[in-house]
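Inspection log for the structure reproduced underneath, given as structure tokens.
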Amino acid sequence: MLVITAEVWPAGDPRVRHRIGTIVASNESDLAAVSRYSVHLSQNGAPAMGVEPLELAFEVAGHRRSDGPWALVHAILARALHGPTGGLDVGAKPPGPG
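Under our numbering, residues 1366 to 1463 are what the sequence shown spells out, in order.
See the structure below:
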């Protein structure tokens, strides 16, 4: 499982940091050389800046594990941000039952 956390550190002070987003990617293909991942991506909203909260769940398939973790992160962000529609991936769905 790959877990990535995005935080803001106001004025660079880790004592007042707060999480603004998380990606959790779980390998669903028994660690095969070319793997499929289930992904849960969340983003906290920031109404004062016009940032909407976001919860997406989707799969990334065909990742060559030998390409390393940043290639997987790139694939996840490309799917979440650009998806099949060229904009925010409306094909991804909020996590949960169904």
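Beta carbons are placed, not taken as given, at the ideal position from N, Cα and C, and that holds for glycine.
Straight-line Cα distance separating residue j from residue i
i            : j            : result
residue 1441 : residue 1416 : 20 Å
residue 1443 : residue 1397 : 22 Å
residue 1380 : residue 1373 : 11 Å
residue 1383 : residue 1412 : 16 Å
residue 1433 : residue 1410 : 30 Å
residue 1445 : residue 1419 : 10 Å
Beta-carbon proximity of residue i to residue j, cut-off 7 Å
i            : j            : result
residue 1407 : residue 1387 : yes
residue 1439 : residue 1400 : no
residue 1405 : residue 1422 : yes
residue 1371 : residue 1385 : yes
CA nearest to the CA of residue i, picked from the options
i            : options          : result
residue 1392 : 1447, 1431, 1366 : 1366
residue 1425 : 1419, 1394, 1418 : 1394
Residue i - DSSP class collapsed to helix/strand/coil
i            : result
residue 1430 : helix
residue 1377 : helix
residue 1384 : strand
Buried versus exposed call for residue i [16 or more other C-beta atoms within 10 Å across all chains shown]
i            : result
residue 1455 : Summary for residue 1455: the model assigns pLDDT 49, below 50, so the residue's position carries little reliability, and this model does not support an answer.
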